[in-house]
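In our numbering, the protein residues as written are 550 to 833. Here a beta-carbon is modelled for each residue, glycine too, at the ideal position from N, C-alpha and C.
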Ligand SMILES: Cc1ncc(C[n+]2csc(CCOP(=O)(O)OP(=O)(O)O)c2C)c(N)n1
Ligand code: SF4
């Protein structure tokens, strides 16, 4: 397995872009590090990867790594990634997006990317809050929890991201936490190898905004909570809904094969060409 120093030297733009902006104890670095370990284990060439993000603390991830990278606008990583994948289908396209970026301002793009089944891997860093801008509540802030914009408690019910993307048609859905690093690597590996739209939801800790406002303790306390509430799908499948209240089901939740968007698009181009050629004078 690649060591930490090898990982930094091989994949990070450390000479140009460090220091990074993330707070001590933030889960984003853990997720990024394990994504890079998954890529290394798959022996993918750096030049064959495009890594795209929107805006937010999560959105900074591509800035620091030595792939083909795009740091785009808030909520718009998937439209950029979709255009990129259509233009360069041979690239492995990965997207890093926060819960706000993916399910608030970018929510419409997310559901349409799911139903389109384009071959992109989207990693959603779900820290339950808008981290970068000071802790406004997001569509995944749990009911009753606090944020800078709901100091007396959130009265809206949160999205369950994995269920949302499954309902919208994603053909691969995995969920884990920033505590379960080996599971995280394995799910990311399988998501990258999956042909179609894959979503990996990672419950992660933001000690600076969500943790502080909700008195969740420090980063270690938040990781302990993730360890306690996570339950693997194989066990969860044998449990009653009542027993699963307050738990986070982890593992590969959905994996199925359906026609992929770029391949279908190629077929349409070929069919249109054939149609044109079959008309009198059409092949000129
Ligand atoms: C169009 C637009 N609206 C608002 C913002 C301000 N803004 C920057 S990051 C952000 C929220 C980020 O939250 P999230 O996507 O959950 O990512 P995190 O910072 O928690 O990783 C907002 C509202 C912006 N940059 N652009
Ligand atoms: S504000 Fe939260 S999400 Fe952003 S870097 Fe700090 S700990 Fe991480």
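- Listed by position in the chain, the residues whose beta carbon lies within less than 6 Å of some heavy atom of ligand 2 are 571, 572, 575, 577, 606, 676, 680, 681, 755, 756, 757, 758.
- Its chain contains 811 as the residues whose beta carbon lies nearer than 7 Å to that of residue 638, once the 5 sequence neighbours on both sides are disregarded; these appear in chain order.
- Spatial neighbours of residue 734 in its own chain (CB-CB distance under 6 Å, excluding positions within 5 residues in sequence) are listed in chain order as 583, 586, 587.
- The stretch 695–706 makes no contact with the stretch 652–664; the number of CB pairs closer than 8 Å stays below 3.
- Note on geometry: alpha-carbon atoms of residue 635 and residue 816 lie some 13 Å from one another.
- Counting every other CB atom within 10 Å of its CB across the protein chains shown gives residue 809 a total of 16 or more, marking it as buried.
- Closest by C-alpha distance to residue 700, out of 712, 761, 718, 644, is 761.
- Within its own chain, the residues whose Cβ lies closer than 7 Å to the Cβ of residue 603, once the five positions on either side in sequence are excluded, are 621, 622, 623, 624, 625, 626, 646, 650, 655, listed in chain order.
- Assigned with DSSP and collapsed to three states, residue 685 falls in strand.
- The straight-line gap separating the alpha-carbon atoms of residue 601 and residue 619 is approximately 5 Å.
- At a cut-off of 6 Å, the beta-carbon of residue 655 does not count as near ligand 1: no heavy atom of the ligand is closer than that.
- Setting aside the 5 residues that flank it on each side, residue 574 is surrounded in the same chain by 756, 768, each with a C-beta closer than 6 Å to its C-beta; the list follows chain order.
- Put simply, the stretch 708–721 does not touch the stretch 773–793. Fewer than three CB pairs are less than 8 Å apart.
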